[in-house]
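*Asks:* Numbering (our numbering), first residue to last: 22 to 287.
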Amino acid sequence: MTPRVSVIVPVYNEGEAILRCLERMLRETLLPAEVLIVHDMPEDITVPYVEQIARTDPRVRAVLNTYGRGPANAIRFGIDVALAPVVVVTMADGCDDPRQIDELARLVDRGVVVAAASRYMPGGQQVGGPRLKRMMSRWAGRSLYTFARVGTRDATNSFKAYDTAFVREVGIESRTGFEIGLELTAKANRLRLPVAEIPTIWLDRPLGESHFDLGRFLPGYLRWYFFAYGRRLSRERLAARAAGLRSSATPTPRAPQDSTEYEKTA
22 MTPRVSVIVP
32 VYNEGEAILR
42 CLERMLRETL
52 LPAEVLIVHD
62 MPEDITVPYV
72 EQIARTDPRV
82 RAVLNTYGRG
92 PANAIRFGID
102 VALAPVVVVT
112 MADGCDDPRQ
122 IDELARLVDR
132 GVVVAAASRY
142 MPGGQQVGGP
152 RLKRMMSRWA
162 GRSLYTFARV
172 GTRDATNSFK
182 AYDTAFVREV
192 GIESRTGFEI
202 GLELTAKANR
212 LRLPVAEIPT
222 IWLDRPLGES
232 HFDLGRFLPG
242 YLRWYFFAYG
252 RRLSRERLAA
262 RAAGLRSSAT
272 PTPRAPQDST
282 EYEKTA
């Protein structure tokens, strides 16, 4: 059966912790789905546990990212190999609510190109996480919603559903961090395509320590933040931009990274 939604989960050495994430995701996702666990290296310790689940549930696949290391490249690769007309990007750390995967996917089915899980709309909430990170993402989301009219109060959240054809048409330029969610929201806004949101309760990761590398990730977020305010673009111009990006050099794999880059940064 062809899946209606492809769930993309970038991972880095999650190990046994992926089992709990997958069990919840598979239990709560009722639409016909594939779950792509995208890893950067064959020796990632997450892979044996994913294959353990895949033996009994064909919806699950471990997918080796060949675009270069890091979550941005993993997400790009996952979208490119996805089989469904809708993709949902979610994290492996348990912060996102898997019960909302179906709801987000159905919004895209109804015609929006980006459906965001919003911490900052009425009914949404963020529990935990670094204070500076919370303040900056809330300010960015509210200002983009009010002044750029992007259609969501939480443009920086990674937990979103996308129209797969839309993403492939406009391309993904981000290569580091998790600014892809902001990039695609900004591009939808410049095309004047519909973006919608639903409230979500985001819970800080139950284990481990979150890292917020302001100097490393802020330039990418600022680039797309200001891009969202531009005048309307045609599909042809964005498609030409994406074609130019694809015709440039193939991403070069980087040296192995630690798990810091796989932390949510917005």
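Quick reminder that beta carbons are idealized off the backbone N, C-alpha and C, glycines included.
In the DSSP output, which residue or residues are listed as bridge partners for residue 218?
*Replies:* Residue 218 pairs with 137.
*Asks:* Do residue 171 and residue 216 have their beta-carbon atoms positioned less than 9 Å apart in this structure?
*Replies:* Closer than 9 Å, so yes.
*Asks:* Rank 28, 56, 132, 138 by C-alpha distance to the C-alpha of residue 221 and give the top, closest one.
*Replies:* Comparing Cα-Cα distances from residue 221 to each of 28, 56, 132, 138, the minimum goes to 138.
*Asks:* Per DSSP, what kind of secondary structure is residue 126 in: helix, strand or coil?
*Replies:* Helix at residue 126.
*Asks:* Residues in the same chain with beta-carbon distance under 8 Å from residue 93, minus the five sequence neighbours each way, listed in chain order, please.
*Replies:* Closer than 8 Å at the Cβ level, and outside the excluded window around residue 93, lie 193, 195, 196, 197, 198, 199, 200, 201.
*Asks:* Confirm, please, whether the CB-CB distance from residue 57 to residue 41 is below 9 Å.
*Replies:* Result no, Cβ atoms of residue 41 and residue 57 do not sit closer than 9 Å.
*Asks:* Between the beta-carbon of residue 91 and the beta-carbon of residue 30, is there less than 9 Å?
*Replies:* Result no, Cβ atoms of residue 91 and residue 30 do not sit closer than 9 Å.
*Asks:* Using the Cα positions of residue 50 and residue 119, report the straight-line distance between them to the nearest angstrom.
*Replies:* In a straight line, the C-alpha of residue 50 is about 7 Å away from that of residue 119.
*Asks:* Only counting the same chain, and skipping five residues up and downstream in sequence, which positions put a Cβ closer than 8 Å to that of residue 163?
*Replies:* Correct list, in chain order: 141, 174.
*Asks:* Less than 8 Å between the CB atoms is what I'm expecting for residue 54 and residue 79, so what's the real figure, rounded?
*Replies:* That pair is no contact at about 11 Å.
*Asks:* Mark residue 169 as exposed unless 16 or more other C-beta atoms lie within 10 angstroms of its C-beta, in which case mark it buried.
*Replies:* Buried, by the Cβ-count rule.
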